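Quick note on this note's numbering: the sequence shown kicks off at 130 and runs consecutively. Comments concern the structure below.
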Amino acid sequence: MPDRDSLQKLWAAQPVEPFSLSPDELRNRARKFQSSLRMRNMTEYLAALVVIGIFGWMAILIPVPVVKLGAVLTIIGALYVSWKLHTYSGSGLGQGGDAADSLIRYHRRELVRQRAALANVWRWYLLPFLPGALLFVAGVSFAPDTGLPFLLALPGFLFSLAIMGGVAYGIIWLNNRSVRQLDAEIAELDKAAEG
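Pasting the structure below:
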C-alpha cells in the first residue's frame with residue numbers, strides 16, 4: 130500500500146488554477162438566468178389567471194356562503210402572490226455594465242435576490258392561499274347539501290388537507306433545492322470575483 134501522506138502531499142502541492150469566467154460567459158449566464166426568470170414568472174401569472182377564473186366562476190355558481198368566501202379569498206391570495214412574485218423575484222433591470230467586475234456584481238445581486246425570494250416561498254407564496262383553501266375545502270366537505278353527517282364528511286376533509294399539505298411540502302422542497310443551487314452559483318461567482 131503506498132504511503133498515504135506522500136500521496137496527500139503530492140496532491141496538495143499541485144498548482145491550483147484560479148477560477149475565472151470570461152465576460153462573455155458571465156453575460157451569457159446572466160442572460161439565461163433572466164430568461165428563465167421571465168419564463169417562470171409568465172407561467173406563474175398565467176396560473177394565477179386560471180385560478181382567478183376558476184374560483185371566480187365557483188364563487189358565482191356555488192350557493193354555499195363559506196365556499197363563496199373561500200373562493201374569493203383564494204382569488205385575493207392569487208392576486209397577492211402575483212404582486213409579490215413581481216416585486217420579490219421579477220427579473221432585474223438592465224445589464225449592470227459591460228466590465229467583468231460589474232457583471233459579476235450584477236449577476237450575484239440577482240442571484241441573491243432570487244435566493245431570498247425562494248427561501249421565503251412558504252410565507253409569500255403558500256400562506257396567502259391557506260385561508261381561502263381551508264374555507265373552500267371545509268365549505269365543500271361539510272355543506273348541508275351533501276347530506277353527509279359530520280363524521281362521514283370528516284375523512285374527505287382530512288384527505289383534502291393531506292393533499293394540500295403534500296403539495297405545499299413539494300413546493301417548499303423544490304424551492305429549497307433551488308436555494309442550494311443558487312448558493313453554489315453565488316459561491317462560484319465569489320471565487321471569480323476574488324480571482
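We treat Cβ as the ideally placed atom computed from N, Cα and C, and that holds for glycine. Please read all numbers here as calculations on a predicted model, not as lab measurements.
Q: Using the Cα positions of Ala272 and Glu314, report the straight-line distance between them to the nearest angstrom.
A: Taking the first residue of the sequence shown as 1, we reach residue 272 at position 143. Taking the first residue of the sequence shown as 1, we reach residue 314 at position 185. Approximately 50 Å, taken between the alpha carbons.
Q) Which class does Pro284 belong to by DSSP, given the choice of helix, strand or coil? A) Numbered from its first residue, the sequence shown carries residue 284 at position 155. Three-state result, Pro284: helix.
Q: Please classify Arg306: is it buried, with 16 or more other beta-carbons within 10 angstroms of its beta-carbon, or exposed?
A: The residue given as residue 306 occupies position 177 in the sequence shown. By the beta-carbon neighbour count (other beta carbons within 10 angstroms, threshold 16), Arg306 is exposed.
Q) Going by the beta-carbon positions, is the gap between Lys197 and Pro257 smaller than 9 Å? A) If you number the sequence shown from 1, residue 197 lands on position 68. If you number the sequence shown from 1, residue 257 lands on position 128. For the pair Lys197 and Pro257, the CB atoms are not nearer than the 9 Å cut-off.
Q) Hey, would you say Ala207 sits closer than 9 Å to Ile191, going by beta carbons? A) Here residue 207 is taken as the residue at index 78 of the sequence shown, counted from 1. Here residue 191 is taken as the residue at index 62 of the sequence shown, counted from 1. In this structure, Ala207 keeps its C-beta atom at 9 Å or more from the C-beta atom of Ile191.
**Q.** Buried versus exposed, by CB contacts within 10 Å (16 or more), Val250
**A.** Taking the first residue of the sequence shown as position 1, residue 250 is located at position 121. By the 10 Å Cβ count, Val250 comes out buried.
Q: Determine whether the Cβ of Glu323 lies closer than 9 Å to any Cβ atom of chain B.
A: This model lacks chain B altogether, as it is built from one protein chain only.
Q. Residues in its own chain within less than 6 Å of Ala246 by CB, not counting five upstream and five downstream?
A. One-based indexing of the sequence shown puts residue 246 at position 117. Tyr217 and Ser218, listed in sequence order.
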